[in-house]
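For reference, the structure discussed in these notes is given below.
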Ligand SMILES: [Fe+2]
Ligand SMILES: [Fe+2]
Ligand SMILES: [Fe+2]
Ligand SMILES: [Fe+2]
């Protein structure tokens, strides 16, 4: 019965393909057998439903569903740039430029690793911003204009970038340790920064994305020169960006770069809204974007 | 051009109804006129697209889209209960029961206000849990099994409850001040709690949801007795839960209560997974749930 309320209007087609793996067990009033996963699942009526691809084969991802995948628009303008004018813009710009030095030295031309580390950091701002706007909306009893969702979607998109590059470049133990430290510092710094000045925070992310585009362009050059092997695209990337089955790493970098250009636009736009003395909720957020 | 990449496969129908309000302006390389919102919008190519309802009238919400609405399953079992067995379960249970005392005294029979305040708090755990799982996934380079999305969707659903009750009961200044303080304390407490023991945290939310169901059942009784006026349902509720246009507050409370029963199931289930010594990502998350 609960399958009905789990349907959103548009995913009807998928939902009709669902087959319940476990029938809900209606004995209630006791804690259920904790040792046996199947019984617990039945007790709470939470069952994994079988989702299929459009071609009928089983969907193997839990982190994203077929209706959340998309085709990237590779025609997006990669060269757009926000020329820093105000002191705050310049500070955001030079903070990002300064962060590039240690990164360049650490990774040199290992663009696979670099991409992986970049994405671990890139998935933080959207989550922090989304969370802070969520709490603000609750506290002030006011609408968010869709920005909570827009920022959380950005965070999730960046995380999918990471899940993709993970398949190509396996992180070594000291890289994992480094990421642990970097995340701890960056999360808190961005949290504080966003509280103090969302205008600055979004501008900085805009510039970070501009650097990301640059970095992926270098990645593509190395791939074309043959310095990095153009391996087949990981399965997760093929499903997430609806790529043809014979796609390669190069195709993946292309769509990731388009995503970054999109994040750049969203974040510079968000900063611009603040520059106009408005709050984000006053300008409708980009919807259905990734 | 960017309209193509913003499409997710299933929202195609909606997207075809889109009319771009502003055409992207392709002059690039300068910061754009910050004073003129329209120009900024054009410069970054972020435009609000016109979304319509299935009946062709304009969609007035930015916080949720037509394809995110759903019909509630009112047949969900409202009486399911997790009998606390372990010491930790009992602690979670009695913590929640203890929190009911001051709440009962403060609100007495003002269930409209009570609902509003409850929802401000209820929207916190999903966001905190989702955020922590997101960061964990990034740090450990591992998949999340869909739980990040499931928890963030719960948070968003709770926030929509708040946006709905806000229309019915306007908060007074001291209630707003109280919420500010309560959020500050609860957010941090839950954050710490989730870090220390997600098992405990989810169990506690499960019990909170059981109390929420009880509280909405009392609300319904007061409505039926005529002690609370059964006003027409706010427009936002009619669109979010796909209710008939002549729905009333009673219908809204019914669907909200069903949502809470669903949260109860998800959170007790999450706690059960931890009780089995597993991590959430090892059991696929409920997908497409609200
Ligand atoms: Fe990225
Ligand atoms: Fe990005
Ligand atoms: Fe709620
Ligand atoms: Fe709830």
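Protein chains in written order, with my numbering: chain G, 59 to 348; chain B, 59 to 348. Don't be surprised by glycine CBs; every beta carbon is placed ideally from N, CA and C.
1. Please determine if the stretch 302-313 of chain B and the stretch 328-344 of chain B are in contact, where contact requires at least 3 C-beta pairs separated by less than 8 Å.
2. Residue 178 (chain B) lies in the alpha helix (DSSP H); which residues open and close that run?
3. Do residue 326 (chain B) and ligand 4 come close, with the Cβ less than 7 Å from some heavy atom?
4. Could you name the residues that DSSP lists as bridge partners for residue 344 (chain B)?
5. Could you tell me which of G:336, G:333, G:319 and G:193 sits nearest to residue 104 (chain B), measuring between CA atoms?
6. Chain G partners of residue 326 (chain B), CB-CB under 7 Å?
7. Determine the extent of the alpha helix (DSSP H) in which residue 329 (chain G) is found, giving its start and end residues.
8. Thinking residue 322 (chain G) and residue 264 (chain G) are a contact (beta carbons under 8 Å), I'd like their distance in whole angstroms, please.
9. Residues in the stretch 244-262 of chain G with C-beta within 8 Å of chain B's C-beta atoms, listed in sequence order?
10. How big is the Cα-Cα spacing for residue 154 (chain G) and residue 214 (chain G)?
11. Please name the residues in the stretch 187-200 of chain B whose beta-carbon is closer than 9 Å to at least one beta-carbon of chain G, in chain order.
12. According to a CB-to-CB cut-off of less than 9 Å, which residues of the stretch 228-240 of chain B neighbour chain G?
13. Under 7 Å between beta-carbons, which chain G residues line up against residue 221 (chain B)? List them in chain order, please.
14. What is the rounded straight-line gap between the Cα of residue 83 (chain G) and the Cα of residue 140 (chain B)?
15. For residue 228 (chain B), does the count of other Cβ atoms within 10 angstroms reach 16, so buried, or fall short, so exposed?
16. I'd like to know whether the C-beta atoms of residue 259 (chain G) and residue 183 (chain G) end up nearer to each other than 8 Å.
17. For residue 280 (chain G), which three-state DSSP category applies?
18. Kindly indicate which residue of B:294, B:209, B:181 and B:301 has the alpha-carbon position closest to the one of residue 245 (chain B).
19. In this structure, how does DSSP classify residue 269 (chain B) when only helix, strand and coil are distinguished?
20. Since residue 189 (chain B) and residue 262 (chain G) are thought to touch, with beta carbons under 8 Å apart, how far apart are those beta carbons, to the nearest angstrom?
21. Could you tell me the distance, in whole angstroms, from the CA atom of residue 152 (chain B) to the CA atom of residue 206 (chain G)?
22. Identify the continuous alpha helix (DSSP H) that holds residue 155 (chain B) and give its terminal residues.
23. Would you kindly work out how many angstroms separate the C-alpha atoms of residue 91 (chain G) and residue 116 (chain G), rounded to a whole number?
24. Measuring alpha carbon to alpha carbon, tell me which of B:110, B:111, B:175 and B:112 ends up nearest residue 160 (chain B).
25. Would you please state the rounded distance, in angstroms, between the beta carbons of residue 292 (chain G) and residue 324 (chain G)? I believe it to be under 8 Å.
26. Going by beta-carbon coordinates alone, are residue 110 (chain G) and residue 300 (chain G) separated by less than 8 Å?
27. Under 7 Å: does the beta carbon of residue 316 (chain B) sit that close to some heavy atom of ligand 4?
28. With H, G and I counted as helix, E and B as strand and the rest as coil, what does DSSP make of residue 256 (chain B)?
Let me lay it out:
1. no
2. 169-198
3. no
4. Partner(s): none; residue 344 (chain B) has no beta bridge.
5. Comparing Cα-Cα distances from residue 104 (chain B) to each of G:336, G:333, G:319 and G:193, the minimum goes to G:319.
6. Neighbours of residue 326 (chain B) on chain G, chain order: 102.
7. 307-333
8. 5 Å
9. 245
10. 22 Å
11. 188, 189, 192, 193, 195, 196, 197, 198, 199 and 200
12. 228, 229, 234, 237 and 238
13. Within chain G, the residues 201 have their CB atoms less than 7 Å from the CB of residue 221 (chain B), given in chain order.
14. Residue placement at residue 83 (chain G) is flagged as unreliable, the pLDDT there being 35, under the threshold of 50; a coordinate-derived value is accordingly withheld.
15. exposed
16. yes
17. Secondary structure of residue 280 (chain G) (DSSP, three-state): helix.
18. B:181
19. Residue state, collapsed to three classes: helix.
20. That belief does not hold up - the Cβ atoms of residue 189 (chain B) and residue 262 (chain G) are roughly 20 Å apart, past 8 Å.
21. Cα to Cα, residue 152 (chain B) sits roughly 33 Å from residue 206 (chain G).
22. 145-165
23. Confidence in residue 91 (chain G) is poor, its pLDDT being 39 and thus under 50, which makes the residue's placement too unreliable to answer from.
24. B:175
25. Not quite, the Cβ-Cβ distance comes to about 26 Å (not below 8 Å), so this is no contact.
26. By the CB criterion at 8 Å, residue 110 (chain G) and residue 300 (chain G) fall outside the cutoff.
27. The closest heavy atom of ligand 4 lies 7 Å or more from the beta carbon of residue 316 (chain B).
28. helix
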